[in-house]
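In my numbering, the protein residues as written are 111 to 199. Comments concern the structure below.
Written out as structure tokens, the structure is:
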């Protein structure tokens, strides 16, 4: 069973890079959901999830509701984070 990976963006110029990086690292079984603050169709859901996950800044990424430190993602350690969450849950 794959993980649910959520990407929270604000349409910044780095958002597309982050989204592509997450998609490259995610396994084929993972479900990827993208919430964009500028998209009125996802704003309500995004706002509730941002509050529930205590996200303070965008962009942000979560795996099964747990926020992933972006510095680890930028260092290319996302796949190891997915494995870590997989084995710990």
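We put the CB at the ideal spot given by N, CA and C, even for glycine.
From residue 154 to residue 178, what distance separates their C-alpha atoms?
22 Å
Could you spell out where the beta strand (DSSP E) holding residue 113 opens and where it closes?
From DSSP, residue 113 is part of no beta strand (DSSP E); its letter is neither H nor E.
Would you call residue 203 buried or exposed, if buried means 16 or more other Cβ atoms sit within 10 Å of its Cβ?
Residue 203 lies beyond the stretch modelled for the chain, which goes from 111 to 199, so this question has no answer here.
Cβ-based burial, residue 172 [other Cβ within 10 Å; buried from 16]:
buried
Measuring only the C-alpha atoms, how far is residue 150 from residue 182?
30 Å
Counting along the chain, where does the beta strand (DSSP E) carrying residue 146 start and finish?
141 to 146
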